[in-house]
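Here the structure is laid out as structure tokens; the discussion comes afterwards.
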Amino acid sequence: MTVPIRNHDIAELRRLDLAHHLPAQADHKVIAELGGSRIITRADGVYIHDGEGHQILDGMAGLWCVNVGYGRTELAEAAYEQMLELPYYNTFFKTATPPTVTLAAKIAEKMGGHLTHVFYNSSGSEANDTVFRLVRHYWKLKEQPQRTVFVSRWNAYHGSTVAGVSLGGMKHMHKQGDLPIPGVEHVMQPYPFGDGFDEDRAAFRDRCVKAIEDKILEVGPENVAAFIGEPVQGAGGVIIPPDGYWPAVEALCRKYGILLVCDEVICGFGRLGEWFGHQHYGIKPDLIAMAKGLSSGYLPISAVGVADHIVAELREKGGDFIHGFTYSGHPTCAAVALKNIEILEREGLVERTRDDTGPYLAKALATLNDHPLVGETRSLGLIGAVEIVREKGTNHRFLDKEGEAGPIVRDLCIKNGLMVRAIRDSIVCCPPLIITHAEIDKLVAIIRQSLDEAEPVLRALKPESVS
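Using this note's numbering, the letters of the sequence shown map in sequence onto residues 333 to 799.
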């Protein structure tokens, strides 16, 4: 289907943006100084287009989510057809809708094993709110109401709601709203380049796992409800844990009778080369949160995968689980998610990521390791990072402070036609799963070009030049 290109009045849209719109996760002073947001007008394949006529390779798949790429007519048609038949109904009144139920069965098939049920929400943040409440409800049903504490990691990201920010470990987010709320404890992240540089990987892994066990013992195992973690920390900077980390964490949870929660909001639906990230690591969580790639971002939908033993407790003990949202199990969103999974299956995008494009991205990123600003490249499946350092062979940052170099390189990448994200001094990418070898080559070439352009600027940095 050919979509006509609209003739937007970009100047007026930017004026209205400043006059009425507050963008998410933004410094609104900076937006005002820029005269309004960049207006993205259309997209196709792996490219987005702005109102100024720039074509930009979307190295972030929207916000870690557009797994099947842009311009999928099938997804628009699925939404249209469902809206004509039944655009909306809720699941509060002992009711369900056909796409909602069918999608639950499809997700259960992809999760496999003991993860048999799903609870729907609209966003990853809401999914982790559901995890928070469901875990505590479960332990009350088990007559262990004192098990309320979650153990998480510093620099983890589990959403932007009060519970999500609290479960996450980003201190700058905690400062807004006097968070975390009580009942969440944090331990070190498994970040070898940042926190274990020059340390033996196995020794570093063991130190990370011991930190979890030490925290469990400090709080008291009888008080701990769950450990929560992303298989690969996305918004934390694409933190890929050392080999053996996740099986050791799972063993620790089983040792102390603690629930294991995997936040699959980014890692799910093929990102790591398996349907879910925990499958890559060979572990069996009790709950998983999912969103983003579930519908490839075409409509907002999320879910929590729930193990059979938790469902059995809910059904045996009975009583309302007084939780849910107006749009839990939204039929149109579910219909689009079903079609999205069908596309992933039909085109073999999960297997292609595992066997072809994921390894190709790793090799392509590795070619940047000769650059004087690059301390490390790393990737798994189609998610990767480039660490920027002041001195080759070290993890020393510019001005000995993280976060000075990343935004400079990011802005150059965008100017040069590549949308990436700067997380402290890492340039991270997460392209659509449909990306080709040639497009991966282009992505890496733009990063190299931008590093070259950034180097003289970064070398000239002085403390007084940094605001």
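Each residue gets a CB set at the ideal place from its N, CA and C atoms; glycine is no exception.
None of the values given here were measured: they were computed from a predicted structure.
Residue of the options minimising C-alpha distance to residue i
i           : options               : result
residue 653 : 468, 344, 346 and 448 : 468
residue 605 : 376, 475, 460 and 681 : 681
residue 621 : 633, 612 and 667      : 633
residue 346 : 479, 366, 724 and 778 : 366
residue 584 : 738, 598 and 546      : 546
residue 577 : 568, 601 and 614      : 614
residue 588 : 579, 548 and 611      : 548
residue 569 : 602, 461, 489 and 650 : 489
residue 758 : 567, 649 and 602      : 567
residue 747 : 716, 602 and 786      : 786
residue 686 : 762, 659, 603 and 439 : 603
residue 374 : 649, 466, 338 and 711 : 338
residue 624 : 617, 418, 607 and 612 : 607
residue 715 : 599, 478 and 409      : 599
residue 513 : 464, 475 and 529      : 464
residue 555 : 526, 591, 351 and 535 : 591
residue 340 : 385, 684 and 358      : 385
CB contact flag (residue i, residue j, <7 Å)
i           : j           : result
residue 497 : residue 505 : yes
residue 481 : residue 557 : yes
residue 735 : residue 756 : yes
residue 597 : residue 619 : no
residue 389 : residue 750 : yes
residue 793 : residue 730 : yes
residue 636 : residue 459 : yes
residue 401 : residue 764 : yes
residue 493 : residue 454 : no
residue 499 : residue 560 : yes
residue 671 : residue 447 : no
residue 660 : residue 452 : yes
residue 501 : residue 563 : no
residue 642 : residue 470 : yes
residue 696 : residue 709 : no
residue 772 : residue 693 : yes
residue 380 : residue 372 : yes
residue 533 : residue 574 : yes
residue 626 : residue 391 : no
residue 399 : residue 657 : no
residue 536 : residue 727 : no
Residue i - partner residues in DSSP beta bridges
i           : result
residue 620 : 594 and 637
residue 453 : 634
residue 484 : 518
residue 719 : 708 and 758
residue 377 : 402
residue 750 : 389
residue 447 : 639
residue 372 : 382
Closer than 7 Å to chain D by CB, residue i
i           : result
residue 501 : Absent from the structure: chain D. Only one protein chain is present.
Sufficient close CB pairs (3 or more, under 8 Å) joining the segment 515 to 529 to the segment 482 to 492: Contact between the segment 515 to 529 and the segment 482 to 492 is present: three or more C-beta pairs spanning the two stretches fall below 8 Å.
*Unbroken stretches of the alpha helix (DSSP H), 4 residues or longer, contained in the segment 456 to 481*: Runs found: 456 to 473.
Alpha helix (DSSP H) runs contained entirely in the segment 633 to 707, provided each spans 4 or more residues: DSSP runs (the alpha helix (DSSP H)) wholly in the segment 633 to 707: 640 to 649, 663 to 678, 681 to 684 and 690 to 698.
Requested in this report: Quick one: which unbroken alpha helix (DSSP H) runs of 4-plus residues sit fully inside the segment 531 to 576? Chain order, please.
Outcome: Complete alpha helix (DSSP H) runs here, min 4: 533 to 551.
Taking 8 Å as the cut-off, does the segment 429 to 449 touch the segment 654 to 670 (at least 3 CB pairs, one atom from each stretch)?
Between the segment 654 to 670 and the segment 429 to 449, the count of Cβ pairs shorter than 8 Å is three or higher; the stretches touch.
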